[in-house]
Every structure is written in C-alpha cells, then in structure tokens.
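Trainee:
There are 2 protein chains.
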Amino acid sequence: MKFYDCSTAPSPRRVRIFLAEKGIEILTVEIDLAGGEQFSDAFLRLNPRGTVPVLVLEDGTAISEASAICRYIEAAYPEPRLMGRTPAEQGIVAMWDHYCEQEGFFAAAEALRNAARRLEGHALTGRDGYPQIPALVERGRTRVQRFLASLDERLAGSRYVAGEQFTIADITALVTVDFAARLRLPLPDASAAARRWYEEINARPSTTG
Amino acid sequence: MKFYDCSTAPSPRRVRIFLAEKGIEILTVEIDLAGGEQFSDAFLRLNPRGTVPVLVLEDGTAISEASAICRYIEAAYPEPRLMGRTPAEQGIVAMWDHYCEQEGFFAAAEALRNAARRLEGHALTGRDGYPQIPALVERGRTRVQRFLASLDERLAGSRYVAGEQFTIADITALVTVDFAARLRLPLPDASAAARRWYEEINARPSTTG
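Here it is in structure tokens:
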C-alpha cells in the first residue's frame, strides 16, 4: 500500500491518526499542495478530483476521500474497532462522524478557503475552480463556533464523541478542533467537557503525526 | 423500528430506496417539514439537529443522517450487499457515495436552499438559522452541472457508479439526478451513458417510493 499525504493538511491527518491507532506503518508519498502537485497529470491519474489523501492498494486500486480510506482500513484491519462493532454502534459512529465532518471540518474549510489569498479561485477543494465568496468566511466561522459549543454539550454527557469508546468520530473532531485553532477559533475556556476530552485525545501517541 | 420520513424530501428518499432494496418494511412516521414539525420539542428530542430522516431502533436508539442510517441497515441486514463486500469494495463504494453526496446531492441542496423563498433564513438544513447567500445559487447550479457531466464520464466506463454492482452510490446518484431535475437541471440529452444508467436504475421497483 502507498499513502499519498500532505503533512501540513488537516484532511490526510484524519487518516494518519486512524492508521496509527491501527498500528499500521505504510509507505507515504508527500504531495506538495502549495506547489500544485495535486493537479499534476501523474496525480490526477490516481485521483481525478485532485485531492489528498489517496490510498493505493497492492493491485493499484486508488481510494480517495478520508472517510472512504478509513472504511477500507477498518474492513481490512478490523482491530481495534474504530467504527463501531454492533450494527447500532456502527450507525451511531457513522452519524457522529458525519456530523463532525459536515458541521465541523467542512465549516472550518469553508472559513479558511474563502479567506486565504493563496486559495483564490479555489474556494472548494479539488480541480474545479470556484471563486471565493466573502460571506462564507463569516458563515464558516459561525458554524465552527456552533460546532465547538455542540461538541462541549455532547461531551458533558458522553466520554467520547460517539459514546463510551474511542472512535473515528473523535479523530475527526480532534482534527477539526486543531484546524479551528489555526483560524483563531480555539475551544472556549468555559468548554470544560470538551477541554477534558481534548486533553485526553491529544495525549494519544497517534495524534502527534 | 420506526422511520421518521418526509415523502417529498430527497434526503429520506435515499433511505426509503435502501430499505426497499433490502426488502424491509417498516413503520413510517411522516414529518411535516413545510409546517416546521422537525423543530417541535418532540422531534428535537429524537434528533437535536432537527432533520429527517431519523431511524429509531427497538431500544430507543435514534440514528440520524441518511448515510448513517444506511450503515446501520447494512450491518443489521447484510444481504443484498449495497455497500460492498470485500474491504476494497467497501472503500470504493464509500468513496463514490461520498462523492455523489458532497458534489451532487449537497450541491443541489445549496442551489435550492439559497434560492427558495420558503427557506429564507434556513440556507442550511437543521435547526440553526443561516441567511441565504445569493452567490451560492449560481455556484450550486454550476456544481450540479459538473457533477452530472462527471457522472456521465464515469458511467461511460462502468456499469454502475461504484463498479459492476448496484450499490448505495447508485441510490445517492439517482436521488441527486431527480433533485437536480426539479431545479431544471436535467441530465443533458448528450449524456448517453448516464441516461442508459438512469433508465435502468429508475426502473427498479425500489425507486418508486
């Protein structure tokens, strides 16, 4: 297997943590996003969308999208379970992971990509160009703040995001919290439950990558 | 089990088709979205986000988000497989389903929700209010057109969206094509591969619901 990564980007970091939690070491290829390598012919042959991360299997099958790569890894390397064991657990984990991705991670991306000079003309990830929309900067920031508040509310009544076990939803939430901090939207001091959770998750060896 | 549905909304339709493909009949509760029933106290106790669909299990566990409900159903009722069998298949199906959801379904929602008078103040689904942003109408429509073009390209070389088997990705794509048609963005006449696929999928008994 070969993992196409970018060590500074938040999306592939979700997969790096997932791999580390599974104890999987993997050949990694760094893609120079700032230099536009994701739009090179060689990379577009792997992923026509022009995004990282991408996982390429032994037979050449290329899987893109962080959540889809994690789905492959979970099926191929089931232990430790990170996406739930029973059908109900699997549904609940998928629900929380989807929530963290849509309302947290993508909201932070919305705030960043519509503001950053270097992303002019690329307000959405991928090969298709889209102009920045200034109103989305404020909307994205509001969404992130609401997400952080809802995370605190959830964690006041639950040890982890999706329940009593550490799962992929904690990974997506942690990466989102760090992404938000880069946008100067830190976890508020008053968010005691989310801060307790963050300290625990952030201390796991998997998250340093 | 109890399924909280809205028969005119595209998102729960994804789950209705999934259930029908599995041959599952289920007690269904119609939620009056136009009347705001999704924001009633009773409904918010089931799903604090205020969205349909929601599936409530025998023990009272409530799962929201179409893709998460399908994940539960796939695990609880494995046959026929709609999310892939081998690990590689599971990853590839998840990738295409995510692509169809993000670039197709959510793009159509962006075009609709930022334009429709009745959705003023609700440009994103859920309980949190967000003002409409006129620039997103055009962006959403462009994204849908690009999605339809990429669907045709994919289906020129693949029988179904995720490969040689019918999967959840076909369901998400079909619901998106019908959603787009309501926005007067039909599959172009020249999209021969996507039209061949659409006719086949649309003829499945599951899609009439």
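Chains as they are written, first to last, in our numbering: chain W, 135 to 343; chain F, 135 to 343. Each residue gets a CB set at the ideal place from its N, CA and C atoms; glycine is no exception.
Going residue by residue through the segment 230-312 of chain W, where are the continuous alpha helix (DSSP H) segments of at least 4 residues, counting only ones entirely within it?
Mentor: 240-247 and 268-289
Trainee: Excluding the five sequence neighbours on either side, which residues of its own chain have a C-beta within less than 6 Å of the C-beta of W:Y264, listed in chain order?
Mentor: The residues are A257 and L258.
Trainee: Hey, W:E164 and W:C140 are a contact pair by Cβ (cut 8 Å); roughly how many whole angstroms apart?
Mentor: 7 Å
Trainee: If we define contact as Cβ-Cβ less than 9 Å, is W:A250 a contact residue for chain F?
Mentor: Output row for W:A250: interface = no.
Trainee: Tell me the rounded alpha-carbon separation between W:R293 and F:G291.
Mentor: 46 Å
Trainee: Bridge partners of F:V188, per DSSP?
Mentor: F:Y138 and F:S198
Trainee: How about the segment 293-308 of chain W and the segment 228-240 of chain W: do they share at least three Cβ pairs that are nearer than 8 Å?
Mentor: yes
Trainee: Which residues mark the beginning and the end of the alpha helix (DSSP H) in which W:L178 is found?
Mentor: Per DSSP, W:L178 belongs to the alpha helix (DSSP H) from D175 to L180.
Trainee: Just to confirm the assignment, what range does the beta strand (DSSP E) spanning W:L161 have?
Mentor: L161 to E164
Trainee: Output the distance between the C-alpha atoms of W:A327 and W:I226, rounded to the nearest integer angstrom.
Mentor: 20 Å
Trainee: I want to see whether chain W comes within less than 9 Å of F:R183, judged by CB atoms only; does it?
Mentor: yes
Trainee: At 7 Å on the CB atoms, spell out the chain F contacts of W:A202, in chain order.
Mentor: G225, A228, M229 and H232
Trainee: F:C234 and F:L285 - do their beta-carbons sit closer together than 9 Å?
Mentor: yes
Trainee: Among W:Y211, W:F177 and W:G218, which one has its Cα closest to the Cα of W:S198?
Mentor: W:F177
Trainee: Taking the beta carbon of F:I173 as the centre, do at least 16 other beta carbons fall within 10 Å, making it buried, or is it exposed?
Mentor: Per the sequence shown, the amino acid found at residue 173 of chain F is Phe instead of Ile. Exposed is the call here.
Trainee: Residue range of the alpha helix (DSSP H) that F:L153 falls in?
Mentor: Per DSSP, the continuous alpha helix (DSSP H) segment holding F:L153 begins and ends at P144 to K156.
Trainee: Measure the Cβ-Cβ separation of F:L189 and F:F239 and say whether it is below 9 Å.
Mentor: no
Trainee: Residues of chain F with CB closer than 9 Å to the CB of W:L270, please, in chain order.
Mentor: I267, A269 and L270
Trainee: In three-state DSSP terms, what is W:R215?
Mentor: coil
Trainee: Which residues in the same chain as W:L191 place their Cβ atom closer than 7 Å to its Cβ, once the five residues preceding and following it in sequence are excluded?
Mentor: Within the same chain, and ignoring the five residues on either side of W:L191 in sequence, the residues whose Cβ sits closer than 7 Å to its Cβ are M135.
Trainee: Just the C-alpha distance for F:S201 and W:I335, rounded to the nearest angstrom, thanks.
Mentor: 26 Å
Trainee: With a threshold of 7 Å on Cβ separation, who are the neighbours of W:Y206 within its own chain once the five nearest residues in sequence on each side are excluded?
Mentor: L189 and I197
Trainee: Along the alpha helix (DSSP H) that carries W:E334, what are the first and last residues, could you check?
Mentor: A326 to N336
Trainee: Strictly under 9 Å for the Cβ-Cβ distance: is W:S325 near chain F by that measure?
Mentor: no
Trainee: Nearest CA to the CA of W:C195: which residue from F:E171, F:N181, F:R183 and F:A222?
Mentor: Looking at the sequence shown, residue 195 of chain W is not Cys but Thr. Minimum Cα distance to W:T195 is reached at F:A222.
Trainee: With H, G and I counted as helix, E and B as strand and the rest as coil, what does DSSP make of W:P339?
Mentor: helix
Trainee: Give, in chain order, every residue of the segment 192-222 of chain F whose Cβ lies closer than 7 Å to some Cβ of chain W.
Mentor: So the list reads T195, I197, S198, E199, S201, A202, I203, R205, Y206, A209, A210, P221 and A222, given in the order they occur along the chain.
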